[in-house]
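Student: Residue numbers (the working numbering): 23 to 410.
For each residue, glycine too, the CB sits at the ideal point set by N, CA and C.
Quantities reported herein were computed from a predicted structural model and do not represent experimental measurements.
One structure is given below, represented as structure tokens, and several questions about it will come after.
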Ligand SMILES: Cc1ncc(COP(=O)(O)O)c(C=O)c1O
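Below you can see the structure in the form of structure tokens.
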């Protein structure tokens, strides 16, 4: 069977070796600290689960929905007004089964094969997959330590900017935990307007932002309405990663085109999920604030703890991740990760899985309470991996 050449753009499964090792050590009964996967350990708020359960009890909920219910679209609009001060209309909102799925399809909506797409590096892998799915020409813009892991549009060559169809921006960033300033968003919007580029903002972490900073929507900045769309996932803010609820929000023609593509491959979001989304968006949000505080405690435990044992790891400013440079003697982050799990049972994600400039780093996910994070740090310290 000759499979599509599109598939050749996707690399081999690089996590397999790490996962095999994890399974082996688990079978031996070894104590493991899994800080690799970014799925929150907090409980989904009860009112959201109840809304889903109630709806699922009704046999009528089990049909094709074929559309986003007006109540859900209204709930998104009201939430955007209340949370971000952004006025949007229901025709500026389309649901998808998680940002992962939506971002995976966005290239097909926006690009022809060979069109240029600007992506950050390092970045969340589906940005790359979505562009590859459309057989786009990917040009990376660096988000490196020298620039506080933020985009610098002035470094993007004019020729590339002229060709670019869309540019993905995602702040607070996964894996680096960097956070945008109002000036940066204004600069990005001015750049997109100048070169007629669509900015696709992945707003996964506006509710996980530290040290008193306020997470915003890119659509809250002047001029964004003409050049931006934003993926707004409920996964992390409301701890419902398994439910797969996200929305594409913003420029009408892009949202309509996105809906057109999705209507070819999907018959609408399961009604109980739509009810759960409404409950999340219209219900109490005290858990959202409370868990942000808890993530910050975890960030302090991890970054402060690593620094105390001699691992120079800067504070993450947002997201549920910490990005740390591996010891100099290692060339490959995967080798370091395999040694780390063997020597002390701590599991982290190799930086190489986040695109070209991810090598040389690892990503910790803040998915354990501070006490367990401190235990993991003691294990790292005791095993001596930072020294030899
Ligand atoms: C930046 C970013 N975007 C999107 C996602 C996935 O979101 P969803 O659960 O809505 O697919 C993640 C999950 O870790 C993420 O870190």
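Compare the beta carbon distance of residue 269 and residue 224 with 9 Å and say whether it is the shorter of the two.
Tutor: Result no, Cβ atoms of residue 269 and residue 224 do not sit closer than 9 Å.
Student: Within 8 Å: the Cβ of residue 148 and any heavy atom of ligand 1?
Tutor: Yes, ligand 1 has a heavy atom inside 8 Å of this Cβ.
Student: Starting from residue 165, follow its DSSP beta bridges and name the residues at the other end.
Tutor: Paired residues: none, contrary to the question.
Student: For residue 280, which residues does DSSP report across the bridge?
Tutor: According to DSSP, residue 280 bridges with nothing at all.
Student: At which residues does the beta strand (DSSP E) containing residue 188 begin and terminate?
Tutor: Note, residue 188: beta strand (DSSP E), 186-191.
Student: State buried or exposed for residue 188, treating a residue as buried only when at least 16 other CB atoms are found within 10 Å of its CB.
Tutor: Buried, since its Cβ has 16 or more Cβ neighbours within 10 Å.
Student: Nearest-angstrom Cα distance between residue 291 and residue 276?
Tutor: In a straight line, the C-alpha of residue 291 is about 19 Å away from that of residue 276.
Student: Please classify residue 388: does DSSP put it in a helix, a strand, or coil?
Tutor: Reduced to three states, the DSSP call for residue 388 is coil.
Student: Return yes when the C-beta of residue 122 is under 8 Å from any heavy atom of ligand 2, and no when it is not.
Tutor: Because ligand 2 does not appear in the structure shown, any question about it cannot be addressed here, the ligands present being ligand 1.
Student: In angstroms with no decimal places, state the Cα-to-Cα distance between residue 307 and residue 399.
Tutor: C-alpha separation (whole angstroms): 32 Å.
Student: If we count the other Cβ atoms within 10 Å of its Cβ and call it buried at 16 or more, is residue 222 buried or exposed?
Tutor: When all chains shown are included, residue 222 counts as buried.
Student: Going by DSSP, what residue range makes up the beta strand (DSSP E) through residue 138?
Tutor: Segment 138-143, the beta strand (DSSP E) holding residue 138.
Student: Relative to the C-alpha of residue 241, which residue among 391, 86 and 102 is closest?
Tutor: Residue 241 has its Cα closest to that of 102, out of 391, 86 and 102.
Student: Answer yes or no: do residue 251 and residue 213 have a C-beta to C-beta separation smaller than 9 Å?
Tutor: No, they are not a contact pair.
Student: Since residue 119 and residue 377 should fall inside the 8 Å C-beta cutoff, what is the C-beta to C-beta distance between them, to a whole number of angstroms?
Tutor: Their Cβ separation, rounded to whole angstroms, is 24 Å, which puts residue 119 and residue 377 out of contact at 8 Å.
Student: Give a single yes or no on whether residue 66 has its beta carbon closer than 8 Å to a heavy atom of ligand 1.
Tutor: Residue 66 Cβ: outside cutoff for every heavy atom of ligand 1.
Student: Hey, would you say the C-beta of residue 60 is under 8 Å away from at least one heavy atom of ligand 1?
Tutor: Checking the Cβ of residue 60 against ligand 1 gives yes.
Student: Ignoring anything shorter than 4 residues, give me the alpha helix (DSSP H) runs that lie fully in the segment 30-60, in order along the chain.
Tutor: 38-49, all fully within the segment 30-60.
Student: Which whole-angstrom value is the C-beta distance of residue 247 and residue 273, which I expect to be below 8 Å?
Tutor: So it is a contact: roughly 7 Å between Cβ atoms.
Student: Is the CB-CB distance between residue 413 and residue 321 below 9 Å?
Tutor: Limits of the chain in this structure are 23 at one end and 410 at the other, which puts residue 413 out of reach.
Student: Exposed or buried, what is residue 260 when buried is set at 16 or more other beta-carbons lying within 10 Å of its beta-carbon?
Tutor: So residue 260 counts as buried.
Student: Is it the case that the Cβ atoms of residue 348 and residue 380 are separated by a distance below 9 Å?
Tutor: Contact flag unset, no.
Student: Does the segment 141-151 come into contact with the segment 315-332, if we say contact requires no fewer than three beta-carbon pairs (one atom in each stretch) closer than 8 Å?
Tutor: Verdict: no, contact absent.
Student: Spatial neighbours of residue 9 within its chain, please: C-beta separation below 6 Å, excluding the five flanking residues on both sides.
Tutor: Nothing can be reported for residue 9, as the shown portion of the chain is limited to 23 through 410.
Student: Which one or two residues does DSSP pair with residue 250 in a beta bridge?
Tutor: Answer is 221.
Student: Using only alpha-carbon positions, find the residue among 131, 302 and 334 that is nearest to residue 98.
Tutor: With distances taken between Cα atoms, residue 98 lies closest to 302.
Student: Please tell me whether residue 68 and residue 294 are closer than 9 Å, where the distance is taken between their beta carbons.
Tutor: The answer is no: Cβ separation not under 9 Å.
Student: Whole angstroms is fine: what's the gap from residue 397's alpha carbon to residue 139's?
Tutor: Taking the straight line joining both Cα atoms gives about 43 Å.
Student: Measure the beta-carbon distance from residue 323 to residue 384 and round it to whole angstroms, keeping in mind my assumption that it falls under 8 Å.
Tutor: About 17 Å separates the two Cβ atoms, so there is no contact after all.
Student: Compare the Cα-Cα distances from residue 74 to each of 371, 62 and 267 and report the closest residue.
Tutor: Considering only alpha carbons, the answer is 267.
Student: Mark residue 165 as exposed unless 16 or more other C-beta atoms lie within 10 angstroms of its C-beta, in which case mark it buried.
Tutor: It counts as buried.
Student: Expressed to the nearest angstrom, what Euclidean distance is found between the alpha-carbon atoms of residue 28 and residue 131?
Tutor: Roughly 16 Å between the two C-alpha positions.
Student: Using the three-state DSSP reduction, which class does residue 172 fall into: helix, strand or coil?
Tutor: Three-state DSSP puts residue 172 in coil, outside helix and strand.
Student: Would you mind giving the Cβ-Cβ distance between residue 335 and residue 325, rounded to the nearest angstrom? I have them listed as a contact below 8 Å.
Tutor: Residue 335 to residue 325, Cβ: 5 Å. Contact.
Student: Would you mind working out which of 364, 220, 357 and 344 sits nearest residue 395, comparing C-alpha positions?
Tutor: Measuring from the Cα of residue 395, the nearest candidate turns out to be 344.
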